[in-house]
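The structure appears below as structure tokens.
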């Protein structure tokens with residue numbers, strides 16, 4: 437159900453929007469970039485962005501990156517990526533994507549909520565292959581404030597039905613720890629987390 441809904445939902449977003457498909461505000465994007473910027477090499481690094489959308493996250497770092505591989509299952513989103521020779525856009529489902537190089541940094545933002553538990557593990561395995569131990573991986577998504585939470589209800593933000601899986605913080609951390617030696621949990625500030633049941637959390641993995 438989650439995977440089917442995600443494909444339908446994001447393809448609809450592609451039809452209903454022009455330019456960026458980001459639905460969170462500028463304060464959230466600034467904090468997202470703050471977290472990613474803290475682990476990027478000072479200059480000349482390479483980045484793998486899985487579930488890149490229209491590239492809003494990495495667009496703020498193109499001056500200090502040498503190469504970006506941006507992967508999304510929605511072709512329209514890839515078409516809207518920043519037009520820059522450093523950016524290689526790839527249309528692919530994440531579980532079927534096969535990296536052909538290694539990267540200094542990998543990011544997976546806002547994606548885990550749309551993955552089944554098995555697919556979540558497959559994507560972590562992919563990130564571990566793509567980013568060597570000297571690099572860093574940042575996984576960020578909404579987590580439950582308690583036990584894992586499955587959501588299927590009308591979303592005020594989107595004005596339509598929304599289906600998502602909000603993992604528990606401890607459970608997601610433990611799954612990441614199967615692939616990465618260090619997993620630092622970085623909850624977002626409470627002003628960016630107005631919901632009683634969930635919160636945005638970044639996991640910085642090395």
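Numbering (our numbering), first residue to last: 437 to 642. Each residue gets a CB set at the ideal place from its N, CA and C atoms; glycine is no exception. Small disclaimer: the values here were computed from a predicted structure and weren't measured.
Item to check | When 469, 518, 581, 606 are compared against residue 544, the one with the closest alpha-carbon | outcome: Here residue 544 refers to the residue found at position 108 when the chain shown is read from its first residue. The shortest C-alpha separation from residue 544 is found at 469.
Next on the checklist: Could you tell me the alpha carbon to alpha carbon distance between residue 567 and residue 541, rounded to whole angstroms?
Outcome noted: Residue numbering aside, residue 567 sits at position 131 when the chain shown is read from its first letter. Residue numbering aside, residue 541 sits at position 105 when the chain shown is read from its first letter. Going from the Cα of residue 567 to the Cα of residue 541 covers about 6 Å.
Item to check | Minimum C-alpha distance to residue 465 - residue among 517, 633, 487, 492 | outcome: As a working note, residue 465 is residue 29 in the chain shown. Ranked by how close their Cα comes to the Cα of residue 465, the residues 517, 633, 487, 492 have 492 in first place.
Next on the checklist: Less than 8 Å between the beta carbons of residue 501 and residue 487, yes or no?
Outcome noted: For the purposes of this step, residue 501 is taken as residue 65 along the chain shown, with counting starting at 1. For the purposes of this step, residue 487 is taken as residue 51 along the chain shown, with counting starting at 1. Contact: no.
Item to check | Whole-Å CB distance - residue 622 paired with residue 640, under 8 Å assumed | outcome: As a first step, residue 622 must be located in the chain shown, where it is residue number 186. As a first step, residue 640 must be located in the chain shown, where it is residue number 204. Going by Cβ atoms, the distance from residue 622 to residue 640 rounds to 6 Å, so yes, they are a contact pair.
Next on the checklist: Determine whether the beta carbon atoms of residue 497 and residue 473 lie at a separation below 8 Å.
Outcome noted: Here residue 497 corresponds to residue number 61 of the chain shown, with the count starting at 1. Here residue 473 corresponds to residue number 37 of the chain shown, with the count starting at 1. Contact: yes.
Checklist entry - Cβ atoms of residue 528 and residue 507: under 8 Å apart, would you say? => result Working through the chain shown from its first residue, we reach residue 507 at position 71. Working through the chain shown from its first residue, we reach residue 528 at position 92. Taking 8 Å as the Cβ cut-off, residue 507 and residue 528 qualify as a contacting pair.
Checklist entry - Just the Cα atoms here: how many angstroms apart are residue 586 and residue 601? => result One-based indexing of the chain shown puts residue 586 at position 150. One-based indexing of the chain shown puts residue 601 at position 165. Approximately 5 Å, taken between the alpha carbons.
Next on the checklist: Is the beta carbon of residue 548 closer than 8 Å to that of residue 475?
Outcome noted: Mapped onto the chain shown, residue 475 falls at position 39. Mapped onto the chain shown, residue 548 falls at position 112. Result no, Cβ atoms of residue 475 and residue 548 do not sit closer than 8 Å.
Next on the checklist: If distances are taken between C-alpha atoms only, which option among 555, 483, 516 comes closest to residue 536?
Outcome noted: Residue numbering aside, residue 536 sits at position 100 when the chain shown is read from its first letter. Per the C-alpha coordinates, the member of 555, 483, 516 positioned closest to residue 536 is 483.
Checklist entry - Short check: CB of residue 517 to CB of residue 552, under 8 Å? => result Translated into the one-based positions of the chain shown, residue 517 becomes position 81. Translated into the one-based positions of the chain shown, residue 552 becomes position 116. No; because the gap between Cβ atoms is not below 8 Å, this pair is not in contact.
Checklist entry - Would you say residue 523 and residue 510 are within 8 Å of each other, going by their C-beta atoms? => result The residue you call residue 523 lines up with position 87 of the chain shown. The residue you call residue 510 lines up with position 74 of the chain shown. Not a contact, by the Cβ cut-off of 8 Å.
Item to check | Rounded separation between residue 589 and residue 632 - CA only | outcome: Numbered from 1 along the chain shown, position 153 holds the residue referred to as residue 589. Numbered from 1 along the chain shown, position 196 holds the residue referred to as residue 632. Each residue's alpha carbon lies about 15 Å from the other.
Next on the checklist: Using the Cβ count rule (16 or more neighbours within 10 Å means buried), how would you classify residue 519?
Outcome noted: Numbered from its first residue, the chain shown carries residue 519 at position 83. Exposed, because fewer than 16 other Cβ atoms sit within 10 Å of the Cβ of residue 519.
Checklist entry - Would DSSP call residue 499 helix, strand or coil? => result Taking the first residue of the chain shown as 1, we reach residue 499 at position 63. Coil at residue 499, not helix or strand.
Checklist entry - Counting along the chain, where does the alpha helix (DSSP H) carrying residue 480 start and finish? => result For this step, residue 480 is matched to residue 44 along the chain shown. Taken as a continuous stretch (DSSP letters only), residue 480 belongs to no alpha helix (DSSP H), as it is neither H nor E.
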